[in-house]
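Asker: Starting off with a structure, shown below.
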Amino acid sequence: MFLRRILTGGMGSLLMAKVKETTGIVGLEVVPNGREVLISLYTRTLKEIEAVPEDEGYRKAVESFTSHRLQVCQEEEDWEVIEKRIGCGQVEELIEEAQDELKLIAKMIEWDPWGVPDDYECEVIEDDTPIPKHVPQHRPPPLPKEFYKTLEAVQSKPASKDESSNK
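Using this note's numbering, the first residue of the sequence shown is number 400, and each one after it goes up by one.
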């Protein structure tokens with residue numbers, strides 16, 4: 400009883416940091432130093448993504464979310480706060496995701512889809528064979544109107560300063 404009072408009050412609360420006992424996910428073990436592992440993985444991801452050309456969307460996306468997550472991990476000490484601020488699952492899930500991203504970066508660099516010449520042509524083969532009635536078909540719903548508005552805005556050529564001043 401005496402020891403519990405000492406540990407739960409004042410400076411003792413620092414001694415009893417929150418310890419995660421389980422992830423609640425079968426096969427996913429608790430990583431006691433999850434924050435440090437994440438910082439290491441995110442730093443490595445940012446270094447390895449530099450092999451992808453700067454103007455590629457994949458690199459921009461990976462750099463953006465990885466930088467944000469690294470910043471959160473550096474600012475916060477508590478794993479619960481990190482999970483809450485990132486909002487994409489538990490620390491252990493984030494670790495698995497970061498490891499998978501590193502594997503994907505390696506495959507993307509090896510595959511080098513950016514090295515495809517502009518004049519490269521491929522053949523598209525369409526198969527009009529009817530699908531049997533017992534086979535379920537996935538038919539995605541139509542895209543929202545906002546998507547087409549955004550697509551049109553992105554594809555339209557921005558007016559130059561001279562054209563906009565004449566109007």
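Yeah, the Cβ is synthetic: ideal placement off N, Cα and C, and Gly gets one too. Just so it is clear, the structure is predicted and the values come from calculations on it, not from any experiment.
By Cβ distance below 7 Å, which residues in the same chain neighbour E475 in space, the five residues on each side in sequence not counted?
Answerer: I481, R484
Asker: Quick one: give me the first and last residue of the alpha helix (DSSP H) that D499 is part of.
Answerer: 490-510
Asker: Give me the residue from G426, L440, V425 with the minimum Cα distance to N432.
Answerer: Ranking the options by Cα distance to N432, first place goes to L440.
Asker: Contact check, V436 vs I504 under 8 Å by CB: the rounded distance?
Answerer: Their Cβ separation, rounded to whole angstroms, is 18 Å, which puts V436 and I504 out of contact at 8 Å.
Asker: Where does P551 land, buried or exposed, given buried means 16+ other C-beta within 10 angstroms?
Answerer: Note that residue 551 is Glu in the sequence shown here, rather than Pro. By the Cβ neighbour-count rule, E551 is exposed, with fewer than 16 other Cβ atoms within 10 Å of its own.
Asker: How long is the line joining the alpha carbons of L427 and T421, rounded to whole angstroms?
Answerer: 8 Å
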